[in-house]
Amino acid sequence: MTSQTIAWIIGTALFAATSTAYARPDTRSMSCEETQHLIQSHHSAVLTTGRNTYDRYVRQYGNECDWPEVPVAASVPTRDGQCRVYWCREPVFDFPN
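Take a look at the structure:
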């Protein structure tokens, strides 16, 4: 084998290994408990929630949100129904006049 062929094989193998390592987990194929554990253990995670939808979800208590955002409750579809998780959103201050 030539050195170019070997380099191409190694490059292809590395690309295939890294592309699957960073695949977005799909909440629809996980239980609610698995989804919440994944977020808790990684502090935040980008998760697929539908065919063309994904978002970043965070722990309820932590510093994963950039200022001025705060963790806000959200619901995602899981294998066993809807699951409560948190995502970063700007707080809504609706003060009366």
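Under the working numbering, think of the first position of the sequence shown as 37, with each following residue one higher.
Backbone N, C-alpha and C fix where the C-beta goes; we use that ideal spot for every residue, glycine too.
Selection from the options that minimises the alpha carbon distance to residue i
{"i": "residue 99", "options": "69, 80 and 112", "result": "80"}
{"i": "residue 107", "options": "123, 87 and 69", "result": "123"}
{"i": "residue 126", "options": "45, 109 and 76", "result": "109"}
{"i": "residue 93", "options": "39, 42 and 82", "result": "82"}
Any chain D beta carbon closer than 9 Å to residue i
{"i": "residue 67", "result": "In the displayed structure, chain D is absent; only one protein chain is listed."}
Separation of residue j from residue i, as counted between CA atoms
{"i": "residue 54", "j": "residue 118", "result": "Legend: pLDDT at residue 54 = 49, less than 50; position of this residue unreliable, no value from coordinates given."}
{"i": "residue 78", "j": "residue 130", "result": "33 Å"}
{"i": "residue 105", "j": "residue 66", "result": "27 Å"}
{"i": "residue 91", "j": "residue 60", "result": "10 Å"}
{"i": "residue 116", "j": "residue 39", "result": "51 Å"}
{"i": "residue 102", "j": "residue 46", "result": "39 Å"}
Own chain residues within Cβ distance below 6 Å of residue i, not counting five before or after
{"i": "residue 112", "result": "63, 85, 119 and 121"}
{"i": "residue 44", "result": "none"}
Cβ neighbours of residue i in the same chain (closer than 7 Å, five flanking residues each side left out)
{"i": "residue 87", "result": "none"}
Own chain residues within Cβ distance below 8 Å of residue i, not counting five before or after
{"i": "residue 95", "result": "75, 76, 79, 80, 107 and 122"}
Ordered list of beta strand (DSSP E) runs contained in the region 79-116, each at least 3 residues: 80-84, 90-94 and 106-114
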